[in-house]
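Novice:
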Amino acid sequence: MVDQQLLIEEAKKVVSRDDVKYVIGYKKGTYGFAISPAFAYSEEYVDKFIFNPLCKKNLTAYPILEDKLPLQRGEEEDKRKIGIVAKGCDTRALVQIIQEKGLKREDVVIIGIPCTGVIDQKKIISRFPNEPSYSELKEENGIYKITINGTVHDIEKKELLADYCTSCVAPNPVLYDVLIGQEVEPWEQQEHKNLDILEKKNVEDRWKYWEKHFQNCIRCYACREACPLCYCKECMADLLKPQWIRRSVNTSENTAWNIMRAYHLVGRCVGCGECETVCPANIPLMELNKEIEKDVKNMYNYTAGMDSEEKPLFGTFRPDDPEEFIM
Ligand code: SF4
Ligand code: SF4
Ligand code: SF4
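Residue numbers (the numbering used here): 1386 to 1712.
1. Under the three-state reduction of DSSP, which class applies to Glu1661: helix, strand or coil?
2. Given Asp1539, which residues of its chain have a CB within under 7 Å of its CB, disregarding the five upstream and five downstream residues?
3. Pull up the distance between the alpha-carbon of Phe1434 and that of Leu1580, whole angstroms please.
4. Ala1666: beta carbon under 7 Å from a heavy atom of ligand 3?
5. Do you know whose CA, among Phe1702, Asp1706, Glu1672, lies nearest Trp1595's CA?
6. What residue from Val1494, Lys1464, Asn1443 has the CA that sits closest to Lys1398's CA?
7. Could you tell me the distance, in whole angstroms, from the CA atom of Glu1428 to the CA atom of Asn1601?
8. Per DSSP, which residues does Lys1593 bridge with? Please list them.
9. Roughly how many whole angstroms lie between the Cα atoms of Val1569 and Met1386?
10. Hey, which unbroken runs of the alpha helix (DSSP H) at 4 residues or more fall wholly within the region 1542-1603?
11. Could you give the residue range of the beta strand (DSSP E) that holds Pro1422?
12. Roughly how many angstroms lie between the CA atoms of Val1408 and Trp1592, to the nearest whole one?
13. Alpha carbon to alpha carbon, how far is Glu1395 from Val1563?
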């Protein structure tokens, strides 16, 4: 359990630094179990910061979206750093972005959170539909204790835990400036739910499975917007010359979109689950990401976002690469 008071104290120290613009953390949302990102420009605002197992959102998509507005004559660019609260997988995203030179290490001050897993919003909402709000939510010995209207509900952690957290490779931040509390014991990773079942299916059945899901895609691109590693200035899906995929929403174009995005994340996806969380069509995007992550591990012994000094997978050439995939 993260010491919220310590988080607030440390975030205040960061925001008060002359070389920091603002700190991004979490605050309680305006309804139900929602959590909102919080942008603190002052120490007073940091008092709104919280951290509990509902703080699932990967905030690292924000620094890369930092507005670079045209400057007025004589105006200087604000090159101060951005402070950011980050769990293990979030720091992996930062590492990956730094490897790819999307951000420089000195652009960010990382307030690292040792993570014991987060709650899947869809699971908690289906457990407590129409609940106006909770007053407290904490984890104790594998139980989530959720206080709603004065009543404490004890729920087994595994019932609400986000599926992808069970296969987390780095619950502790892999890069940080300040660590809130002690590192947690990494747990034995499990294979992502359904991966084994999916792998046992023949190609035709696997194709039917994905076709069934992709036909529901509404091409809202929420998966892209939420993903910290989807930060191309111009996405291939938006290009008209050449037009790689059409705008029409049908199974063929939707499949092209989802496969294209998955391939752009090969060796880059850090498994933070944001894409699947925000998908309004409930497409199991993490099954696709985890399958690719597994292949990358097996073929190249590579895990994305672990070391900011390392080169990204596609920037690495090894003369002894077996190149078994080349026909
Ligand atoms: S994937 Fe790991 S670091 Fe990320 S929320 Fe889950 S347990 Fe925490
Ligand atoms: S979030 Fe879901 S519905 Fe929207 S484009 Fe991505 S896969 Fe399709
Ligand atoms: S593809 Fe999904 S799981 Fe992977 S980094 Fe992007 S949002 Fe996170």
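We put the beta carbon where it would ideally sit given N, CA and C, even for glycine.
Specialist: Let me spell this out:
1. helix
2. Ile1528, Lys1530
3. 36 Å
4. no
5. Glu1672
6. Val1494
7. 45 Å
8. Lys1593 is not bridged to any residue.
9. 10 Å
10. 1542-1545, 1580-1585, 1588-1599
11. 1420-1425
12. 44 Å
13. 8 Å
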